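Below is one structure; the comments refer to it alone.
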Amino acid sequence: MPEIHVDSLVKQFAESRALDDVSFHVAEGELFTLLGPSGCGKSTTLMSVAGFQTPEEGSVTVDGDVFFDARRRINVAAERRNLGIVFQSYAVWPHMTVYGNLAFPLKVRKTKRNAIRPRVLEVLELVEMAHLVDRYPHQLSGGQQQRVALARALVYSPSVLLLDEPFSNLDAKLRERARTWVKELQSRLGLTTVFVTHDQDEALSMSDRVAVMSLGEVQQIGTPEEIYRRPANRFVAEFVGNVNLLTGVVATWERGRLALELEDGRKLWIDSDHTPTPNARITIAVRPESLRIEPAGTSTLNGSNTLDARVTAMAFLGDHYQYELAAGSLALTVQTSGPVFAEQVKVHIPADACAIVAE
Amino acid sequence: MTSAAYEHTAPARRSRSLPTAGTLQWLVWLLVFGLVLGPFVPLLFASVRDRPLYQAGGVFTLAAYGDLLHDPAFWRAALHTLEYASLTTALSVVAGGAVAILVARTDMPGGQAFGRLTLLPLLLPSLGIVLGWIVVWGPGGYLSSQIQSHLHIGTLDINSIPGMAVIEATRLLPVAYMTCEAALARADSSLEDAARSAGAPPLTVLRRITIPMLRPALLNSGTLIFTLSIASLGIPLLLGTPHNIQFVSTYLYLQWTNAATPDSPIVSAGAMLLLLVATLLLLLRNRLLGAEARYVSVAGKAGRTAMLSLRVWRWPLACAIGLYLALSTLVPVLGLAVMSFVAFLTPLIAPWHLFTWSNWQILGTGVYLRSIEHSALLALVGGIVTTAVVAVGTLVAHRSKLPVRRTLPFVMLYPRAIPGLIIGIGFFWAFLETGGPGSFLRQSIWGILLAFCIRNLPFAYVVMYPTLTRIGEELDRAGRSVGASWWRTCRTIVLPLLRPALFASFILMFVEILNDYDPALFLVRPGTEVIGTTMLDTFLQGIVGPVASLAMVQVGITVIVLALGTFVFKVRVSGGHDA
Chain X
1 MPEIHVDSLV KQFAESRALD DVSFHVAEGE LFTLLGPSGC GKSTTLMSVA GFQTPEEGSV
61 TVDGDVFFDA RRRINVAAER RNLGIVFQSY AVWPHMTVYG NLAFPLKVRK TKRNAIRPRV
121 LEVLELVEMA HLVDRYPHQL SGGQQQRVAL ARALVYSPSV LLLDEPFSNL DAKLRERART
181 WVKELQSRLG LTTVFVTHDQ DEALSMSDRV AVMSLGEVQQ IGTPEEIYRR PANRFVAEFV
241 GNVNLLTGVV ATWERGRLAL ELEDGRKLWI DSDHTPTPNA RITIAVRPES LRIEPAGTST
301 LNGSNTLDAR VTAMAFLGDH YQYELAAGSL ALTVQTSGPV FAEQVKVHIP ADACAIVAE
Chain V
360 MTSAAYEHTA PARRSRSLPT AGTLQWLVWL LVFGLVLGPF VPLLFASVRD RPLYQAGGVF
420 TLAAYGDLLH DPAFWRAALH TLEYASLTTA LSVVAGGAVA ILVARTDMPG GQAFGRLTLL
480 PLLLPSLGIV LGWIVVWGPG GYLSSQIQSH LHIGTLDINS IPGMAVIEAT RLLPVAYMTC
540 EAALARADSS LEDAARSAGA PPLTVLRRIT IPMLRPALLN SGTLIFTLSI ASLGIPLLLG
600 TPHNIQFVST YLYLQWTNAA TPDSPIVSAG AMLLLLVATL LLLLRNRLLG AEARYVSVAG
660 KAGRTAMLSL RVWRWPLACA IGLYLALSTL VPVLGLAVMS FVAFLTPLIA PWHLFTWSNW
720 QILGTGVYLR SIEHSALLAL VGGIVTTAVV AVGTLVAHRS KLPVRRTLPF VMLYPRAIPG
780 LIIGIGFFWA FLETGGPGSF LRQSIWGILL AFCIRNLPFA YVVMYPTLTR IGEELDRAGR
840 SVGASWWRTC RTIVLPLLRP ALFASFILMF VEILNDYDPA LFLVRPGTEV IGTTMLDTFL
900 QGIVGPVASL AMVQVGITVI VLALGTFVFK VRVSGGHDA
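Chains X and V supply the protein sequences, listed in that same order. Going by this note's numbering, the first residue of the first sequence is number 1, and it counts up by one from there. Going by this note's numbering, the first residue of the second sequence is number 360, and it counts up by one from there.
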């Protein structure tokens, strides 16, 4: 069954470590995303699976076949790995028609002549491109080229699909449509897929699981919800969405929750299953949309975790409003769906919206 | 369409009996490496023996180097060479840079056309053009004596070192022009725009921004021009020797042909020294610039407004460049053309009174016909073979994982810096030392072809490399990912996309091989003549008419092939395959 095991990949470029002990496992039919800023090693990881990069250590196994194992000196050539890849530039061969592009992998596989055309048309049907079979790539739009690239990667029924930032060359509107469409196709065909992107929206909306990478290391692997709501560390919290990071000392602890003493002495209760060391310094992450604010005069917010604050800046962002607040020495960002007409506000930090993050 | 149609299949398995991509890549690497660097081994060996290699016995000695360095004639020749090369470099770099700036950054009329015409001397047969200079501008030449008798002013003495340097500079100016033009086209023009918006007048921008930005290009082309001019053989031999001005190249050539013992080790020692200097200059050049940034595609930004307005100087400057092109290229070619139709050329009798077909009729006979046939055959075969080998070599160098691939670009560019006479002497010894195959090559035109191909191989690489870099690497990765082997990916994806460059490379190689001569001077024997060697030989015997018609044949074929190439090439480019 097509599963992918990537184990302890290490790759050194001239001075920096491109990959540092990268491991993950992709289950059959899963869409697994490598997410991170440019230079984090996500493409290097993907190209190591594809066979275009050779790591110094580690192993790659797909569908039970060992493709790469540094210790056993196994390195299967890229063309023998039978993977489907969609490249960032699509890499649709400009001197061949759409048909030529799709027929080439089948010719390489010595498919019978009379079986090629039906198969090509069948797969083009799948990506809704059958009517453009005789066009040259320069006669196609970016979105159409992308579909051809995907069809070409599927036409020989590869064991897994690798997508290298396939949407980055599309404009914003088209990108959103392509996203839904690719996800739908992937789950319909049950394709085991590894997807590389630097766009957190793409990663969160499409993936079954996400690996966040930085500086050649995997920072966290989890479902989109886990990554967003329970970021493992400061990097993940900051890279995926906006976040408020608050640092303090553990003051008291009881079952399921603890009190954090902030720098200015105020206490904040947060829900936590961890058993922290008393007096330990910890950082918590809380998303701007989890905070609630109301005008100070008419506020019903009260009790613990409610602070007085002053609005220092406000921005209208279409589908929501964003407020910058100063609560004493504390700076907070808050998102609301509607406007708040006041300069003095009360802000509430829900205890269940706070996640402890490692530094 | 349902997902049932999508089935997981087993990966393609091909028979493993075929040679792997690695084997092919190694073979190409070995071929290129061996042919470029191979001839230097026997050359080095010949230079440290006390007698020519074909004589029995012989011991290792450095005596040849000692003799050479103690010969005052050699030192005189070295000084002459230095003066000649420095003057040539200075003239062509300054003029080439100026033309490049005029074409790329001013509103001079006819800029683009001048730019293209400036490149012509690089492609026209250099030996023929030199003969044209002699016919027109030489002592007693057609125009120089007219000017002297009617205007009573002297013209440049082309038999002096400065005179020769001027001719050489007109030949090498395109090298400087091309490098500077490419640098200007690639330079971010917003750097200059920024200076102007900061309040600098155009001339200040030129002086403080544009010219400093050109410095790497000037240094780079200057080093190359210096290297090419110290190795130049044609101009020194035709213009210097009759007036007893010797250069290192002519010193070695005359030693080779006239010495009591032919092929003396002194010549090999001198060739080794020259090779050393040329190699050091090449390394210096590589150091001056990033090794690969040197050959950037010349892609002009159409529609860009000229930075510098020449105002009243527009037409005078355009006329000056036009006049230069006319005097340096058009007039010598016309002189040759007239010369080929007259019994002798003299200002005293109008040419039509001396009209004759004999210079052309003689081309249909003996050594002349043989030379033309040989040259045409060599150009055709050499153009195809070199393009094929360099194409695969370039792919190995830039699109393979061969561990030693990074050595290939240097090796493929190296012959550009090696004097032609060294390649000639090197192959002479190499053929002599390799038994049966060597003696076959030595006695046929194919030995000369090999030397010509190696000599001109860098041109093919320089044409192909920029095009290859524009073909995204993801295109061949896509080929590999769908299961095609390295070679199959090259064949069906990269090489078809490289087609315009392959075609351009063939045209360039054809022209260069057709017009090349100096390596052949050391390899030619009765029965294996090519146009260049026959021209030189005939001219040195004092016969000028047939030389002029031979040169016209070269010019004619060159122009036709270039025109054909440009025409067909343009058709290809606009064919829509480059999307």
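Glycine is no exception: its CB is placed at the ideal position from the N, C-alpha and C atoms. On a predicted model such as this, the values are computed, not experimentally measured, just so you know.
Cutoff 8 Å: residue i Cβ touching any chain V Cβ
{"i": "residue 104(X)", "result": "yes"}
{"i": "residue 113(X)", "result": "no"}
{"i": "residue 6(X)", "result": "no"}
{"i": "residue 116(X)", "result": "no"}
{"i": "residue 95(X)", "result": "yes"}
{"i": "residue 89(X)", "result": "yes"}
{"i": "residue 82(X)", "result": "yes"}
{"i": "residue 74(X)", "result": "no"}
{"i": "residue 108(X)", "result": "yes"}
{"i": "residue 56(X)", "result": "no"}
{"i": "residue 292(X)", "result": "no"}
Below-8 Å beta-carbon distance, residue i vs any chain X residue
{"i": "residue 847(V)", "result": "yes"}
{"i": "residue 821(V)", "result": "no"}
{"i": "residue 528(V)", "result": "no"}
{"i": "residue 855(V)", "result": "yes"}
{"i": "residue 834(V)", "result": "yes"}
{"i": "residue 382(V)", "result": "no"}
{"i": "residue 759(V)", "result": "no"}
{"i": "residue 840(V)", "result": "yes"}
{"i": "residue 756(V)", "result": "no"}
{"i": "residue 826(V)", "result": "no"}
{"i": "residue 860(V)", "result": "no"}
{"i": "residue 750(V)", "result": "no"}
{"i": "residue 364(V)", "result": "Confidence at residue 364(V) is low in this model, with a pLDDT of 46, below 50, so the placement of that residue should be treated as unreliable; the coordinate-derived value is given next. It does: the Cβ of residue 364(V) has a partner Cβ on chain X nearer than 8 Å."}
{"i": "residue 863(V)", "result": "no"}
Residue i in three-state terms, based on DSSP
{"i": "residue 900(V)", "result": "coil"}
{"i": "residue 925(V)", "result": "helix"}
{"i": "residue 93(X)", "result": "coil"}
{"i": "residue 625(V)", "result": "helix"}
{"i": "residue 362(X)", "result": "An answer regarding residue 362(X) cannot be provided, because it is not within the stretch 1 to 359 covered by chain X."}
{"i": "residue 605(V)", "result": "coil"}
{"i": "residue 797(V)", "result": "helix"}
{"i": "residue 406(V)", "result": "helix"}
{"i": "residue 267(X)", "result": "strand"}
{"i": "residue 101(X)", "result": "helix"}
{"i": "residue 198(X)", "result": "coil"}
{"i": "residue 25(X)", "result": "strand"}
{"i": "residue 709(V)", "result": "coil"}
{"i": "residue 534(V)", "result": "helix"}
{"i": "residue 210(X)", "result": "strand"}
{"i": "residue 20(X)", "result": "strand"}
Sheet register partners of residue i (DSSP bridge)
{"i": "residue 295(X)", "result": "345(X)"}
{"i": "residue 57(X)", "result": "10(X)"}
{"i": "residue 253(X)", "result": "258(X)"}
{"i": "residue 321(X)", "result": "316(X) and 336(X)"}
Next on the checklist: Tell me whether the stretch 801 to 813 of chain V and the stretch 881 to 888 of chain V touch, counting them as touching only if at least three CB pairs, one residue from each stretch, are closer than 8 Å.
Outcome noted: yes
Item to check | At least three beta-carbon pairs within less than 8 Å, the stretch 803 to 816 of chain V to the stretch 840 to 851 of chain V | outcome: no
Checklist entry - Counting Cβ pairs closer than 8 Å, one from the stretch 575 to 585 of chain V and one from the stretch 536 to 546 of chain V, do we hit at least three? => result yes
Next on the checklist: Below 8 Å, how does it come out for the stretch 288 to 300 of chain X and the stretch 260 to 274 of chain X: are there three or more Cβ pairs, yes or no?
Outcome noted: no
Next on the checklist: If we require 4 or more residues per run, which alpha helix (DSSP H) segments fall completely within the stretch 857 to 905 of chain V?
Outcome noted: 858 to 874 and 890 to 899
Next on the checklist: Whether or not the stretch 485 to 503 of chain V and the stretch 515 to 524 of chain V are in contact is what I'm after, with contact meaning three or more pairs of Cβ atoms, one per stretch, closer than 8 Å; do they touch?
Outcome noted: yes
Checklist entry - Where are the beta strand (DSSP E) runs, 3 residues long or more, that stay fully inside the stretch 122 to 155 of chain X, in chain order? => result none
Next on the checklist: Would you call the stretch 281 to 296 of chain X in contact with the stretch 339 to 356 of chain X, where contact means no fewer than 3 C-beta pairs closer than 8 Å?
Outcome noted: yes
Next on the checklist: Is it the case that the stretch 598 to 613 of chain V contacts the stretch 419 to 438 of chain V, given that we only count it when at least three CB pairs across the two stretches are under 8 Å?
Outcome noted: yes
Checklist entry - Does the pairing of the stretch 753 to 771 of chain V with the stretch 901 to 917 of chain V give three or more beta-carbon distances under 8 Å? => result no
Checklist entry - Counting Cβ pairs, one atom from each stretch, are 3 or more of them under 8 Å apart for the stretch 177 to 192 of chain X and the stretch 89 to 106 of chain X? => result no
Checklist entry - Can you list the alpha helix (DSSP H) stretches of 4 or more residues lying completely in the stretch 433 to 482 of chain V, in chain order? => result 470 to 477 and 479 to 482
Item to check | Contained alpha helix (DSSP H) runs [length at least 4] in the stretch 558 to 585 of chain V, N- to C-terminal order | outcome: 561 to 564
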